[in-house]
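Colleague: Attaching a single structure in structure tokens format; questions to follow.
Residue numbers (the numbering used here), protein chains in the order written: chain A, 285 to 613; chain B, 738 to 1075; chain C, 159 to 423.
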């Protein structure tokens, strides 16, 4: 138990540390003295703008999005009963990408404001289609995964078509959006994201027992009294809403939903009552760190956070799976 | 068609399929902005006389159709070969072909080394092959981790994971370099347009080797498909043969991607249909897949070009439009229970 | 090697200080066991007692952590995979076959160890398959896809595949577990025929103690990875032994007509 406490303490402490680093580092380093000056009211206008208007909302956005993605990932893995699953499998990302692509290419400059809406709409429509098509006297986890992949491929083909034939400047804009970034975070978007996320996150926390039961397979869950199909539908809806809202705010950020639950599982075990908050915590920290790295690693150029998560994520996932290879034998 | 007694029937079916394939290929060469008759096509190939029509055939259409046939055959056999090692535990009942999806290495990988060396079409091919091969091995390695070794589902998911990783890597480079983005993007969608005879000839030996290896070793695939317990009990060394089959698959899939970019679903649709028609013996699945794959891709390309009146219409998109509904149908109606 | 051992090394399977495990978990340690040739040996024990593990090791599917499985005096690891498969056949539990495979396709697979990479289908191969199908009574069903068959028929098809290997030793892991009584009896009859008429050495893991008592020539009882008792059924099927190995309190009923013992719990 003590090692668990140590790990948790470390995780909780690294939060504020990361936050401070996010505020201090970047194009222009803000020193500790400058940061302190914010508190005693003697900060310059420039420091105030950099920290309070740019970096703080950005860091908090990364935290919020990471928390959301971590939770969505834990739900996805429970519903699809597979450690390699993530919300994107439900076709969410592909649908959002296609919708966003259509908006950017179709509406050109005017589309920028509609992008979040398009992303959210695309994600939700896609998830609904996946669910509807996998309904055949109820759903099954395997069918959902496969149909998600099929529809995702179709949407992907559409996006590829756009990428291949649209104006190259539009395509570049599309790819930036697809890469997922908290670059354009503002207090306004942060507020909106938080508003969207409150209810779903609370519901997710309340659904921990359902999630635990889902892991056992339909027969056992049903015999233990769970309304399997209803539960699955509800949880997928939850996962979609949370991911969709994140996509709307930040574009496509992958791998957080895949990795955060794994890391959390290693720290706090399988029970969802601990796993959900654990994934949330790990997800938030990971995305903050990824954004920080993206901003500072190849400065002055900025690498979108979504790319950093993918570049670090895949090898890290491989390592995690490698370590678990004897589990269950 | 089941049983040994049906063997002559299967052989006949194969021969008919081959004839159909050749006929369709010839018609495909004739199709395009200027319709050319079969006679002209044959003359162009066998009695070349330098006329404009003949040039169109040999420089534009023939390479394109050849590339389609080769890539199609390679992808289909790779898809069939990918099913064999995942026999333990076996594929989800009723859906043995899904792992082909994961086997197809994301074509985005090759864009990496390309920043800078974009001019040479042949260079593109080899970077693509290298990238695809690496991706293929990574997918197999990732999908084999954990108890039970490689299963179809794990491979598919592993394919999604590796795919996302490589796409992000590519995006990382392309969002900073508009020129490269412009040059590379048609290729990333899976297309046969603009293929030259040089490119086709460069890749041909590798596809030929892969196909030959798969044909010669097809008995081993059948034994592999019984699962590592049984095949081990029969004296087949599971690790050795699984590795060989992965190498063959990657060789074929990588070459196909090098030639045509990432074209999906061929490796899934064709082996599945082959299995439904000729049974589970790889002695027949491999040759039927090869010819069926060639036929499918050439046909898809012609349809795409004709239907959308655009000579550049990417065959990758057409295959997705054909393949995804098929996959949907499989997942919805052929998957037995949970 | 003493004189005794050289005569016994002829065709026999012997476990020598065998230790087996998965990952860091040891299942069996320091096991010494000689399998009687041309007889039907049954491994009995509770779940997790190590009997399936031992069976797999006997076929070379599991590499020993210590000690060795000796075939004719040589450790299995020194035999090539094919050579081993020509001497020992194993049918693991609950095998699954790809969709669309027919009985004939499956039984033909049993010839794998006898065919080199490029060899053609020979007369010997054809004979072996025919014989295997006849022995298991599956000749009429040879063109049927496996999924169309009943549980008992499918199990017989798998056994036919193992028989086509034409090995002197046959290992079966719970061959009757999911079969109904009639099919179970069929499989047991088949095993007895193989041993009595064909002189095969058969080792099976069975769950049904009475089945073992009725048909086995030699019984080996395992408990927690250790060999507790071995011997002919009528000697070792005693109340104390069954109680010790299975943790139940049995009643032994003796049938005077067939001279068989039944264990009721």
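Beta carbons are placed, not taken as given, at the ideal position from N, Cα and C, and that holds for glycine.
Keep in mind that this is a model prediction, so the values were computed, not measured.
Which value, in whole angstroms, describes the spacing of the CA atoms of residue 288 (chain C) and residue 364 (chain C)?
Modeller: Distance between the alpha carbons of residue 288 (chain C) and residue 364 (chain C) is about 28 angstroms.
Colleague: Residue 389 (chain C) bridges to which residues according to DSSP?
Modeller: For residue 389 (chain C), which the question treats as bridged, DSSP gives the partners C:377.
Colleague: Is the Cβ of residue 498 (chain A) closer than 7 angstroms to any Cβ of chain B?
Modeller: No, no contact with chain B.
Colleague: What are the complete alpha helix (DSSP H) segments, minimum 4 residues, inside the region 971-1025 of chain B?
Modeller: For the region 971-1025 of chain B, whole alpha helix (DSSP H) runs of length 4 or above, ordered along the chain, are 975-997 and 1003-1015.
Colleague: Measuring alpha carbon to alpha carbon, tell me which residue in C:269, C:373 and C:276 is nearest residue 972 (chain B).
Modeller: Measuring from the Cα of residue 972 (chain B), the nearest candidate turns out to be C:269.
Colleague: Does residue 270 (chain C) come out as helix, strand or coil in the three-state DSSP assignment?
Modeller: Here residue 270 (chain C) sits in helix by DSSP.
Colleague: If you count every other CB in all the chains shown that lies within 10 Å of the CB of residue 999 (chain B), and 16 or more means buried, which is it?
Modeller: Label assigned to residue 999 (chain B): buried.
Colleague: Quick check: the Cα distance between residue 996 (chain B) and residue 800 (chain B), rounded to an integer number of angstroms?
Modeller: Their Cα atoms are separated by approximately 11 angstroms.
Colleague: Using a beta-carbon distance cut-off of less than 7 angstroms, what residues from the region 787-821 of chain B approach chain A?
Modeller: Of all residues in the region 787-821 of chain B, none has a Cβ within less than 7 angstroms of some Cβ in chain A.
Colleague: Which residues share a DSSP beta bridge with residue 198 (chain C)?
Modeller: C:360.
Colleague: Does residue 408 (chain C) come out as helix, strand or coil in the three-state DSSP assignment?
Modeller: Coil, per DSSP.
Colleague: I need the boundaries of the alpha helix (DSSP H) containing residue 943 (chain B), first residue and last residue.
Modeller: Run containing residue 943 (chain B): 934-953, per the alpha helix (DSSP H) assignment.
Colleague: Kindly give me the distance between the Cβ atoms of residue 399 (chain A) and residue 384 (chain A), rounded to whole angstroms, as I take these residues to be in contact under 8 angstroms.
Modeller: Yes, residue 399 (chain A) and residue 384 (chain A) are in contact; Cβ-Cβ is about 6 angstroms, under 8 angstroms.
Colleague: Contact check, residue 545 (chain A) vs residue 357 (chain A) under 8 angstroms by CB: the rounded distance?
Modeller: About 5 angstroms separates the two Cβ atoms, so the contact holds.
Colleague: Between residue 598 (chain A) and chain B, is any beta-carbon pair separated by less than 7 angstroms?
Modeller: Yes, because at least one Cβ of chain B sits closer than 7 angstroms to the Cβ of residue 598 (chain A).
Colleague: Between the C-alpha atoms of residue 316 (chain A) and residue 309 (chain A), what's the straight-line distance to the nearest angstrom?
Modeller: Cα-Cα distance, rounded: 11 angstroms.
Colleague: Specify, as a first and last residue, the run of the beta strand (DSSP E) that residue 178 (chain C) falls within.
Modeller: Residue 178 (chain C) -> beta strand (DSSP E) spans 171-180.
Colleague: Please classify residue 554 (chain A): does DSSP put it in a helix, a strand, or coil?
Modeller: Looking at residue 554 (chain A) - three-state DSSP - the assignment turns out to be coil, as it is neither helix nor strand.
Colleague: Can you confirm whether the region 587-605 of chain A touches the region 903-915 of chain B when touching is taken to mean that 3 or more C-beta pairs between the two stretches lie within less than 8 angstroms?
Modeller: Taking 8 angstroms as the limit for Cβ pairs, the verdict is that the region 587-605 of chain A does touch the region 903-915 of chain B.
Colleague: Which of the residues in the region 219-247 of chain C, read from start to end, lie with their CB under 9 angstroms from any CB of chain B?
Modeller: Cβ contacts with chain B: 219, 238, 239, 240, 241, 242, 243, 244, 246 and 247.
Colleague: Counting only the same chain and skipping the five closest in sequence on each side, list residues whose C-beta sits under 7 angstroms from that of residue 778 (chain B).
Modeller: So the qualifying residues of the chain are 763, 766, 767 and 794.
Colleague: On a Cα-Cα basis, can you pick out the residue from B:917, B:916, B:812 and B:936 that is closest to residue 797 (chain B)?
Modeller: If we check each option's Cα against that of residue 797 (chain B), B:936 comes out closest.
Colleague: So, with DSSP's three-state summary, where would you put residue 793 (chain B)?
Modeller: In the structure shown, residue 793 (chain B) sits in a helix (DSSP, three-state: H, G or I).
Colleague: Please report how far the alpha carbon of residue 982 (chain B) lies from the alpha carbon of residue 347 (chain A), in whole angstroms.
Modeller: Cα-Cα distance, rounded: 45 angstroms.
Colleague: My understanding is that residue 353 (chain C) touches residue 172 (chain C), with C-beta atoms under 8 angstroms, so please give their C-beta distance in whole angstroms.
Modeller: 19 angstroms between Cβ atoms; not a contact.
Colleague: Please report the residue range of the alpha helix (DSSP H) in which residue 590 (chain A) lies.
Modeller: Unbroken alpha helix (DSSP H) run through residue 590 (chain A): 589-607.
Colleague: Given that residue 455 (chain A) touches chain B, what residues does it touch there, using C-beta distances under 7 angstroms?
Modeller: Correct list: 918 and 922.
Colleague: Could you tell me whether any Cβ in chain C is nearer than 7 angstroms to the Cβ of residue 928 (chain B)?
Modeller: Closer than 7 angstroms: no.
Colleague: Tell me whether residue 835 (chain B) is buried or exposed, calling it buried when 16 or more other Cβ atoms sit within 10 Å of its Cβ.
Modeller: Confidence at residue 835 (chain B) is low in this model, with a pLDDT of 35, below 50, so the placement of that residue should be treated as unreliable; the coordinate-derived value is given next. Buried.
Colleague: Ordered along the chain, which non-local residues of its own chain (more than five positions away) have a Cβ less than 7 angstroms from that of residue 190 (chain C)?
Modeller: Once the five neighbours on either side are set aside, the close Cβ partners of residue 190 (chain C) are 173, 174 and 175.
Colleague: Could you tell me if residue 470 (chain A) is buried or exposed, where buried requires 16 or more neighbouring beta carbons within 10 angstroms of its beta carbon?
Modeller: By the 10 Å Cβ count, residue 470 (chain A) comes out exposed.
Colleague: Suppose the cutoff is 6 angstroms on Cβ atoms and the five residues either side in sequence are ignored; what does the same chain contact list for residue 246 (chain C) look like?
Modeller: Answer for residue 246 (chain C): 217, 325 and 327, listed in chain order.
Colleague: So which residues on chain B does residue 259 (chain C) lean against when the C-beta distance must stay under 9 angstroms?
Modeller: Near residue 259 (chain C) (Cβ distances below 9 angstroms), the residues of chain B are 959, 962, 963, 1016, 1017 and 1018.
Colleague: Per DSSP, which residues does residue 183 (chain C) bridge with? Please list them.
Modeller: In the DSSP output, where bridge partners are listed per residue, residue 183 (chain C) has C:180.
Colleague: Do residue 1033 (chain B) and residue 809 (chain B) come within 7 angstroms of each other at the CB atom, strictly closer than that value?
Modeller: Cβ atoms of residue 809 (chain B) and residue 1033 (chain B): closer than 7 angstroms.
Colleague: If you draw a straight line from the alpha carbon of residue 772 (chain B) to that of residue 782 (chain B), how long is it in whole angstroms?
Modeller: Near 16 angstroms, if we compare the C-alpha coordinates of residue 782 (chain B) and residue 772 (chain B).
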